[in-house]
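In terms of full-length UniProt numbering, the sequence shown has 400 at position 400, counting the first letter as 1, and numbering is strictly consecutive. The next block holds one structure in the form of structure tokens; read it before the comments.
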Amino acid sequence: MERIMKAARPARGGQGGWTMLAAAALLALGGCVPSGFLPSLSLRAPAGDALAHTAGPGVDGAWPAPDWVKQLQDPQLDELVAEASRNNPDLQVAQARLRIAQAQLQQFDSLTGLTGTAGATVSRARMPKPGDVADVSVAGYRVPVEIFGDPNVSPSSIFVGLTYQLDLWGKNRAATKSLMSLRDAAGVEAEQVRLTLAVAIVTVYCQLDQAYAVRDLLQQKLKISQRVTAVLRERTARGLDNAYDASDASIKRSRLLEQMALNDEQIKLAQLQLGVLSGRGPERGLSLQRPRVGAFPGGALPARLPADLLGRRPDIVAARLRVEAAFANADSTRAQFYPDVNLVALGGVFALTPASLFSRDALAGSVGPAISLPVFDRGRLKAKLGTDVAQADVAIGLYNKTVDDALGQVAQIVTSLQTAQTLVAQQQDAVAAAQKIVQIAADRHRRGVLMQKDVDVADLTLIDERAQLIALLGRQRTLRVGLVGALGGGFDASAAMASASASPVATRTAQGARPKRGAVASAAARNATNAGTEARRAATSVNGAAPIDPPGAIVTPRSPTAERASASTGTRSAVPIVPADPRVSAIPVFQHDRLIVTQSD
Numbered sequence: 001m002e003r004i005m006k007a008a009r010p011a012r013g014g015q016g017g018w019t020m021l022a023a024a025a026l027l028a029l030g031g032c033v034p035s036g037f038l039p040s041l042s043l044r045a046p047a048g049d050a051l052a053h054t055a056g057p058g059v060d061g062a063w064p065a066p067d068w069v070k071q072l073q074d075p076q077l078d079e080l081v082a083e084a085s086r087n088n089p090d091l092q093v094a095q096a097r098l099r100i101a102q103a104q105l106q107q108f109d110s111l112t113g114l115t116g117t118a119g120a121t122v123s124r125a126r127m128p129k130p131g132d133v134a135d136v137s138v139a140g141y142r143v144p145v146e147i148f149g150d151p152n153v154s155p156s157s158i159f160v161g162l163t164y165q166l167d168l169w170g171k172n173r174a175a176t177k178s179l180m181s182l183r184d185a186a187g188v189e190a191e192q193v194r195l196t197l198a199v200a201i202v203t204v205y206c207q208l209d210q211a212y213a214v215r216d217l218l219q220q221k222l223k224i225s226q227r228v229t230a231v232l233r234e235r236t237a238r239g240l241d242n243a244y245d246a247s248d249a250s251i252k253r254s255r256l257l258e259q260m261a262l263n264d265e266q267i268k269l270a271q272l273q274l275g276v277l278s279g280r281g282p283e284r285g286l287s288l289q290r291p292r293v294g295a296f297p298g299g300a301l302p303a304r305l306p307a308d309l310l311g312r313r314p315d316i317v318a319a320r321l322r323v324e325a326a327f328a329n330a331d332s333t334r335a336q337f338y339p340d341v342n343l344v345a346l347g348g349v350f351a352l353t354p355a356s357l358f359s360r361d362a363l364a365g366s367v368g369p370a371i372s373l374p375v376f377d378r379g380r381l382k383a384k385l386g387t388d389v390a391q392a393d394v395a396i397g398l399y400n401k402t403v404d405d406a407l408g409q410v411a412q413i414v415t416s417l418q419t420a421q422t423l424v425a426q427q428q429d430a431v432a433a434a435q436k437i438v439q440i441a442a443d444r445h446r447r448g449v450l451m452q453k454d455v456d457v458a459d460l461t462l463i464d465e466r467a468q469l470i471a472l473l474g475r476q477r478t479l480r481v482g483l484v485g486a487l488g489g490g491f492d493a494s495a496a497m498a499s500a501s502a503s504p505v506a507t508r509t510a511q512g513a514r515p516k517r518g519a520v521a522s523a524a525a526r527n528a529t530n531a532g533t534e535a536r537r538a539a540t541s542v543n544g545a546a547p548i549d550p551p552g553a554i555v556t557p558r559s560p561t562a563e564r565a566s567a568s569t570g571t572r573s574a575v576p577i578v579p580a581d582p583r584v585s586a587i588p589v590f591q592h593d594r595l596i597v598t599q600s601d
């Protein structure tokens with residue numbers, strides 16, 4: 001033991017040895033970080049052929065453009081979406097959450113690094129009898145003062161203090177990274193709300209367009225039905241037919257009027273729903289004119305779908321950012337097990353009376369390090385670290401679920417679109433056959449072989465087939481809108497997070513006020529993903545679905561007899577989609593600055 005003490009004793013005249021020994025002891029006390037606190041889950045990247053069987057061969061489409069709503073070429077729809085962006089409560093709540101996250105980051109930033117305080121104190125005290133020595137507390141410091149004169153004194157001070165947090169172990173850097181990730185996630189979630197709102201408005205707007213098209217057909221059908229009913233009643237009155245056909249025609253006319261009433265209800269309900277979505281009240285929708293929706297663009301799936309989808313959907317990007325925030329928060333807690341070293345400086349004037357404050361002898365100051373150890377705080381820190389790691393597992397699980405749900409949504413919509421394409425093609429054949437029947441009936445009527453009643457019945461059949469085609473085209477268009485939303489709606493992760501990070505904190509960081517923290521501010525937006533790299537490589541060899549012909553706007557002829565030569569299937573031209581910038585990374589890389597901790601309790 002004596003040899004050990006001698007070996008540990010510093011050399012004569014060298015006090016630095018004791019300092020090094022004390023520093024080593026502090027590190028040993030504070031650096032015992034518990035091991036085993038690591039997440040049990042891991043992020044899953046979808047395989048490159050995750051949608052190969054669903055998509056089929058020949059995948060070579062483009063991703064939705066950010067202005068996909070404008071490509072529908074309906075100014076009234078554009079105005080509705082713009083109104084919703086300004087007035088919808090859901091979007092306003094999401095934007096408020098973004099402001100909360102920005103404020104929290106600014107608040108934390110103001111409490112780290114170099115901070116300063118300034119103050120002044122004046123108090124009244126009664127000191128011991130003259131000749132004694134008393135310890136007087138001045139601005140938090142105990143000053144020995146020899147008592148003389150009047151024992152009633154008024155200790156006063158004016159001081160300025162500075163504290164600089166060295167952050168040797170990265171506690172503040174990790175906490176800042178966590179807050180920045182949460183801020184970016186809030187911004188991306190606001191974009192998800194915006195996308196969901198736009199998809200909902202376009203879907204209901206297209207349903208309104210479809211309801212108007214159905215109303216046109218029902219009005220045509222009502223005119224023909226009234227003519228048929230009148231003819232049958234006249235023939236019954238003349239004794240040429242029995243009353244059965246006339247009564248049956250009257251029943252069909254009554255059912256047709258019911259259908260028209262229900263269709264009018266659908267039109268009004270769609271208008272009211274659009275008013276609610278716009279954020280200006282339900283009756284805002286009653287002022288809408290009839291939609292004039294153009295041909296819906298797209299239909300073909302883009303290449304490298306599973307891998308690039310991770311960076312194209314805002315909900316997936318937001319979930320990934322929350323995983324990063326959870327890991328960074330755990331890193332900050334790990335750093336709290338080490339000694340906290342700060343530089344503290346205090347200077348000012350201190351006196352026993354206010355009148356003596358500005359004398360030369362009142363000047364005082366101090367400067368030096370302040371070291372705090374979590375010696376008696378290990379239990380709380382271990383519990384907090386366990387909570388943070390569990391929160392990281394929760395974030396990872398939610399991310400994996402979001403990815404699975406996204407792939408499932410795309411697969412289901414693509415499957416339904418393929419079925420809808422088949423049904424539309426078959427129904428177009430049925431409409432063409434019904435048109436041919438109308439032409440044959442009209443020709444035979446001109447030759448006197450058939451009566452006008454038979455031509456009208458053929459017209460009614462054509463109208464029914466067209467109504468069925470309109471329903472199928474409407475379903476196909478609704479699925480196309482859903483596919484745009486499932487593919488991210490032209491979301492750009494880099495632009496969204498750059499907009500979210502355009503705060504005073506990020507600006508100061510980018511200007512060099514805090515270089516270490518600045519590297520964390522936009523790490524999610526700069527780097528390419530590692531998790532999706534292999535999936536992207538594999539996706540290049542996977543074939544997808546053949547392009548699905550985009551249907552045109554739902555239109556109806558003015559009368560069946562005037563438009564017997566056309567199937568009224570609309571214009572079959574697609575508006576080209578602007579391809580996404582290939583330089584945009586699929587998803588921000590997951591950067592995890594884990595501290596090296598190998599010590600155990």
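Glycine is no exception: its CB is placed at the ideal position from the N, C-alpha and C atoms.
Taking the CA atoms as reference points, proline 46 sits about 19 Å from aspartate 393. According to DSSP, leucine 114 shares a beta bridge with Tyr164.
Relative to the Cα of alanine 103, the nearest Cα in the group Met180, Arg86, Asn87, Ser42 belongs to Met180.
For the 8 Å CB-CB criterion, leucine 80 and serine 278 form a contact. Within the same chain, Cβ atoms closer than 7 Å to the Cβ of threonine 203 are found at Thr478, Val481, the five residues on either side in sequence being excluded. Within a 10 Å sphere around the beta-carbon of arginine 360 sit fewer than 16 other beta-carbons, which makes this residue exposed. Straight-line spacing of the CA atoms in glutamine 207 and tryptophan 68 works out to 18 Å. If you compare the alpha carbons of Gln106, Gln210, Val199 with that of alanine 471, the shortest gap goes to Gln210. Proximity to glutamine 271 across Asn263, Ala261, Arg284 peaks at Arg284, based on C-alpha coordinates. By the criterion of at least three beta-carbon pairs nearer than 8 Å, the region 342-360 is not in contact with the region 400-407.
Our two residues, threonine 387 and leucine 111, have alpha carbons roughly 24 Å apart in a direct line. Per the coordinates, the alpha-carbon of proline 282 lies some 5 Å from the alpha-carbon of valine 276. Under the DSSP assignment, asparagine 263 falls outside any beta strand (DSSP E), being part of the alpha helix (DSSP H) whose first and last residues are 243-278.
Going by DSSP, aspartate 315 is part of the alpha helix (DSSP H) stretching over 314-335.
Judged by DSSP secondary structure, proline 369 falls within the beta strand (DSSP E) whose first and last residues are 363-372. The beta-bridge partner set that DSSP reports for alanine 125 consists of Val153.
Under the three-pair Cβ rule at 8 Å, the region 368-386 does not count as touching the region 310-324. Excluding residues up to 5 positions away in sequence, Ala174, Lys177, Ser178 lie with their Cβ nearer than 6 Å to the Cβ of alanine 328 in the same chain.
If you compare the alpha carbons of Arg290, Pro339, Asp459, Ala55 with that of glycine 408, the shortest gap goes to Ala55. Under the three-state reduction of DSSP output, asparagine 342 falls in the strand class. Only buried fits phenylalanine 159, as 16 or more other CB atoms lie within 10 angstroms of its CB.
With a contact defined as Cβ atoms closer than 8 Å, aspartate 459 and valine 438 qualify at about 6 Å. Checking the DSSP bridge columns, you'll see alanine 120 partnered with Ile158. In the DSSP assignment, phenylalanine 350 is bridged to Ser157.
Going by beta carbons, glutamine 95 and alanine 190 fall inside the 8 Å limit. For methionine 180, the enclosing alpha helix (DSSP H) covers residues 171-237.
Under the three-state reduction of DSSP output, glycine 61 falls in the strand class. The alpha carbon of leucine 197 has as its nearest neighbour, out of Gln273, Arg142, Gln219, Arg238, the alpha carbon of Gln273.
Residue nearest to phenylalanine 296 within the set Ala82, Gln92, Leu473 is Leu473 (criterion: CA-CA distance).
Contact between proline 306 and leucine 195 fails: their C-beta atoms lie close to 20 Å from each other, not under 8 Å. Between the region 222-237 and the region 245-253 there are three or more C-beta pairs closer than 8 Å, enough to call the two in contact. Taking the Cβ atoms as the reference, serine 154 lies roughly 6 Å from valine 122, within the contact range of under 8 Å. Within the same chain, Ala211 come within 6 Å of glutamine 266 by CB-CB distance, once the 5 residues on both sides are set aside. Note on lysine 171: 16 or more other CB atoms within 10 angstroms of its CB, so buried under the neighbour-count rule.
Partner residues in a beta bridge of proline 89, as assigned by DSSP, do not exist.
For glycine 408, the uninterrupted alpha helix (DSSP H) segment begins and ends at 378-446.
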